[in-house]
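When we follow the numbering used here, the leftmost residue of the sequence shown carries the number 25, and every step to the right adds one.
The beta-carbon is built from N, C-alpha and C at its ideal position, and this holds for glycine as well.
As the structure is a prediction and not an experimental result, all values here were calculated from the model.
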Amino acid sequence: MDQQKFLELLQGVQIPDTERVKAATTELRKNYYPNPESLLWLIEIFISHGDQAIRQQAAVEAQRLVKKHWKNISDAQKQQIREQLLQKTLNEEVKLVRHSGARVIAAIAGEDIENGQWANLPDTLAQAAGSRQVSHREVGVFILFTLLETASPYFAEQTAVLFSILSKTIHDQESTDVRINTLICLGAVATMIEPDEDPESLKLFLEIFPQMVSVLKNFIDAKEEDRTVQAFEVFQTLLGCESALIAPHFKDLCNFMLEIAADTNNENDARTQALSFLMQCTRYRKMKIQGTKDLGEKITMTSMQIATELEDDDDEDDETSPARSALGLLGLLAESLPPRQVIVPLLNALPQFSSHQDPRYRQAGILALGMCVEGAPDFVGTQMDSFLPVVFKLLEDPESGVRHAALNGVARLADDLAEDLQNTHEHLIPALLKNLDAAMQYAASGNNDKQTLDTMKASCGALDSLTEGMDQEIVKNYLPTLVPRLAQLLDHPDVGVKSAAASAIGSLASSSEKEFLPFFKDTIEKLAQFVELKSSNDELDLRATVCDSIGSMAAAVGAEVFQPYVKPLMQASEEALHLDHPRLKETSYILWSTLAKVYEEDFTPFLEGVVTALAACLDQEEDNLEVELGEHAQDLLGQEVIVAGKKVKVAGATDVEDVDDMDDDDDDEDWDDLTAVTAVAMEKEVAVEVIGDILTHTRQHYMPYFERTIEAISPLVEHSYEGVRKTAISTMWRAYACLYSMMEDKTGTKWTPGLPMATQPTPELVKMGEIVTTATMSLWEDEYDRGVVTDINRNVASTLKLCGPAILAQPNFAEAIKNVIFAVINRVHPCQQDLGDELESPDEDDAESSEYDWLVIDTALDLTSNLALALGAQFAEIFKEFEKPLKKFASSNTPFERSTAIGVIAELTGHMGSAVTPFTASLLPVLLKRLSDTDPEAKSNAAYGVGLLIFHSQDSATYLPSYNNILSKLEPLLQTNHARSIDNACGCVSRMIMAHQDAVPLDDILPVMAGLLPLKEDYEENEPIFEMITGLYSQSNQTILQLTPKLIPVFAAVLGEPVDQLEVETREKVKGVVKFIGGSHPELLNGHPSLQNL
């Protein structure tokens, strides 16, 4: 090899000529870099060349070759290189080159340490770090940091030495580089500490922790943005380490971050970073926040205060301003913490905010409420009477910015509380229309300013959310008013206004169903003009929204009416896949899903193209996000990138070079890859769910594609994005249910509880069962994302309900179900733990759940019930393990936990049948106590449970002495206005009568019950009631015979619409009673032609 030629080629890489750079690089990689001598030449160039750029390039290339060639260099040469390299790096004047040299040293040290060489390096670094010369200290600490990355196992045994160095360098007053590098080193050291095994290192870390906070504070005060971002990243890293490392300082640290965030004298970036840290705390240390007195409330109130800084011209999509970040934090708090720590203080403050003379406070109050509703919809729904007057008032606020915020608040409330809000439609819809009309009139006079456009879009958005899912009987009355207005907006020049109007039309169609028919033709013809738009991203966004809206209209008007539009729409959706617009691709997939639901088997002609396109989506390549991020995050410090569809401020600490000195062109490309990968992952999430929809609705016509579909989906169970994991598992369970349903249709037999099964499943079903249970078990017990666990719980529960015990025959699966249920209901599943914590049950004081946290427990309890449904009497053995935690929930201080637990105990009792007998003595007192509960749902469920226990248990000696006590507790329930309580109380009494007729005073109680029939809500309880009534008629019981005139209209009601009031067998028995009455006393049926015609 020619050393001079080698140098010339290296210089050629620096020339701004793409072809020459490419040629030089190719020759270097092909003819030089495969040889160990190239490493020696590169190091020599770094040490001796006079050109800074060449030295820098040589160091970068040398670092890459160390792992490949260092082992081939003689020991004598190695020693000389180490000394010269270290000396040159310590004395290098250019920081960027100095850092590159340090990386070469770290790479060599990583190889040497692994082989027991360069033993004196730690001492050398300690000397450098303690040198009087600033540049030496900077290099010493920098090399230490890079070594902690490349040779961390070695340093895991040297933490005492590290702390002795870092405890001095953290106080360096001459160099910010030394302080930030020290901070980053300490972050790396934290990842190596195992507190239980190394209490001394834990002690040393806790001692230095306040100095770490001081370093961050100094950077913030000095307004050193880049250093501040790096320092924040270290504290973010600590949240992923063992919790003991920050536990003693946790409250003070959170308060410090709140002070930084709230201080308007600080740079906005620093404030946003502090809020970001609190978000991560809420996400990964929520139990710690929950267990720290008043901390959740303090974060809530501070966030509301920061939200008052929101200005009218703030970009709603810019989530990196302090005010927007504070609103995001509020949403996360509501999702993660119990309502008393977030929603209650927020609602207490809302009147003060909403009546404040400063409009920014009024705006912040309603925006905060809107952000929090998604995290705790059930609780917020119970408080609507207290805050709805505030909402109505703010919709008429004199300030347009406040009205706009109120419109957005209504949209968010309606997203999660549509059923509750629709009861206020007579007041709410006119208020929304008033805002829309005012903006439209203002725009008609030529004033299309941002404020007016925003008001129109927000008004449409509020109507969109409010009418989505609204009762057909309500929404149909608004169609003549709303549809023409929204159709008029489709002609507006602003694409965003068009899009908002189109989306609202889709919601109206979806809710009104056939009532939308008179408006369908004109509306779809108006929307059709947007179906092929593709000139700009805004037009493609509009096209995507219109695609969604048309899909809703198809579902509303039905297959026959929509038929003329199917083929052109499918062609347009196929074209949309090739326009490089992720959302348009996703809406095309969703459209296919909708059309498959509408047309079912008639969708078959499109299956080949649809399945091929969806398979191509799943086959897209995705890069390794962690590697790309680790190598390049530093170069994007302070920049904003799009991750998961959101702007994110990058705060990577994987590198500590000056950002200004970096050439980041290549790295921007890497981040472009990251954005693309994220978009692909989200696209796959939608595609997999759509496959499940299409498979379910086309059934046997999908079978030619079934096997390859499962092969494509199975690997996605291990995808890094939780949304893909969730939909992959869900679709596999839906595929299993589809196969089972087809088998059941073929055999004509329904499953019966218990194993072994009476009818053996087909080989195809057994194979699919093996695939889906294997995939599920690979995730379920160790999955950290609660949304994934919740969804698996739902899917397994639904499958057990639909398909019975067949799936339980799969090896180890029944045991896996038990393990997950037990872990979840004891709150020790990984998805219920703070990051880095050991699996342990929370303290009693911390056991209160947020609604999101409760959801995973609620679905596990539902799974328990359906497991009992599938096993029947065999579940009694399993119940022994679950009885204690269920009874613990039944005595919870939280009403919804008590009511849910009692409801599950009742269902388990019904599913076990007579096998519940051994548990009579332990369950009866629990149920009796809840018959006097303050919560109506708990009381209602207790009535249901008591009735089932008495009906099924054979231990009458235990429950008969309580009959009078039970009847006295049921009496108030029969006099309430709570429909479910009445229904369940009537069902309970009926079961008591059927079990021991002689122990119930029929003359007193039957007339009361007759006056409460027919049931208004819980039709399931019609079964015991009418079984009891028809049974008494068969006995010619005098009390029931005397009540016949009162019961005739009841019979007419339950035999009429809706038909699901009675099961078929019970319905026949009631008809038999009516025929008996018609034969003996036909005059009693006068006025009831439906009964006379039986």
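Where residue i sits in the DSSP three-state scheme
i, result
"R749", "helix"
"W94", "helix"
"W775", "coil"
"Y808", "coil"
"Q254", "helix"
"K1099", "helix"
"P146", "helix"
"N817", "helix"
"K558", "coil"
"I67", "helix"
"R307", "helix"
"L541", "helix"
"Y987", "helix"
"I270", "coil"
"K904", "helix"
"P1113", "helix"
"I217", "coil"
"A579", "helix"
"L638", "helix"
"N205", "helix"
"H160", "helix"
Sub-9 Å separation of residue i and residue j beta-carbons
i, j, result
"E291", "E249", "yes"
"S915", "E961", "no"
"V163", "G211", "no"
"H600", "K591", "What sits at residue 600 in the sequence shown is Ala, not His. For A600 and K591, no; Cβs fall outside 9 Å."
"I244", "A294", "yes"
"M577", "I548", "yes"
"D495", "S531", "no"
"L437", "V415", "yes"
"K10", "L603", "Because residue 10 is not part of the residues shown, which for the chain are 25 to 1118, the question remains open."
"S977", "V940", "yes"
"L541", "V581", "yes"
"R309", "S267", "yes"
Cβ-heavy atom distance, residue i to the ligand SAM, below 8 Å
i, result
"Q496", "Of ligands this structure carries none, so the ligand SAM is not represented either."
Per-residue burial, residue i [other beta carbons within 10 Å of its own, 16 or more giving buried]
i, result
"E931", "buried"
"A482", "buried"
"T958", "exposed"
"I69", "buried"
"L955", "buried"
"Q101", "exposed"
"S992", "exposed"
"I929", "buried"
"N1177", "Nothing can be reported for residue 1177: it is not among the residues displayed for the chain, which extend from 25 to 1118."
"N965", "buried"
"W695", "Because W695 carries a pLDDT of 36, less than 50, the predicted location of this residue cannot be relied on, and the following value inherits that uncertainty. Buried, because 16 or more other Cβ atoms sit within 10 Å of the Cβ of W695."
"D643", "exposed"
"L660", "Any reading at L660 must be qualified, since the residue scores a pLDDT of 36, below 50, and its modelled position is unreliable; the value itself is stated next. L660 comes out buried."
"E1038", "It should be noted that the sequence gives Pro, not Glu, for residue 1038. With 16 or more other Cβ atoms within 10 Å, it is buried."
"A945", "exposed"
Span of the alpha helix (DSSP H) around residue i
i, result
"A598", "Reading the sequence as shown, one finds Glu at residue 598 and not Ala. It spans A583 to A600 - the alpha helix (DSSP H) in which E598 sits, taken as one unbroken run."
"T113", "D99 to N115"
"G530", "V519 to S536"
"G433", "S424 to L445"
Minimum Cβ-Cβ distance from residue i to chain B less than 9 Å
i, result
"C827", "No chain B appears in this structure, which consists of one protein chain only."
### Query
Using 8 Å as the Cβ pair cut-off and three pairs as the minimum, do the stretch 844-856 and the stretch 321-332 touch?
Taking 8 Å as the limit for Cβ pairs, the verdict is that the stretch 321-332 does not touch the stretch 844-856.
### Message
With three or more beta-carbon pairs closer than 8 Å as the criterion, would you say the stretch 169-178 touches the stretch 223-242?
### Response
They do not touch, by the three-pair rule.
### Query
Is there contact here, the stretch 567-575 with the stretch 520-529, by at least three beta-carbon pairs under 8 Å?
In short, these stretches touch, since the Cβ pair count reaches three.
### Message
For the structure I just gave you, are there three or more beta carbon pairs, one from the stretch 981-999 and one from the stretch 1011-1024, closer than 8 Å?
### Response
As far as the Cβ criterion goes, the stretch 981-999 touches the stretch 1011-1024, which means the pair count is three or higher.
### Query
Given 8 Å as the limit, is there contact between the stretch 717-725 and the stretch 783-800, that is, 3 or more CB pairs closer than that?
Result no; under three Cβ-Cβ pairs closer than 8 Å.
### Segment contact flag, the stretch 445-452 with the stretch 465-482, C-beta cutoff 8 Å, min 3 pairs
The way I'd put it, the stretch 445-452 doesn't touch the stretch 465-482; fewer than three beta-carbon pairs between them come closer than 8 Å.
### Query
Are the stretch 766-779 and the stretch 803-814 touching, with three or more C-beta to C-beta distances below 8 Å?
Taking 8 Å as the limit for Cβ pairs, the verdict is that the stretch 803-814 does not touch the stretch 766-779.
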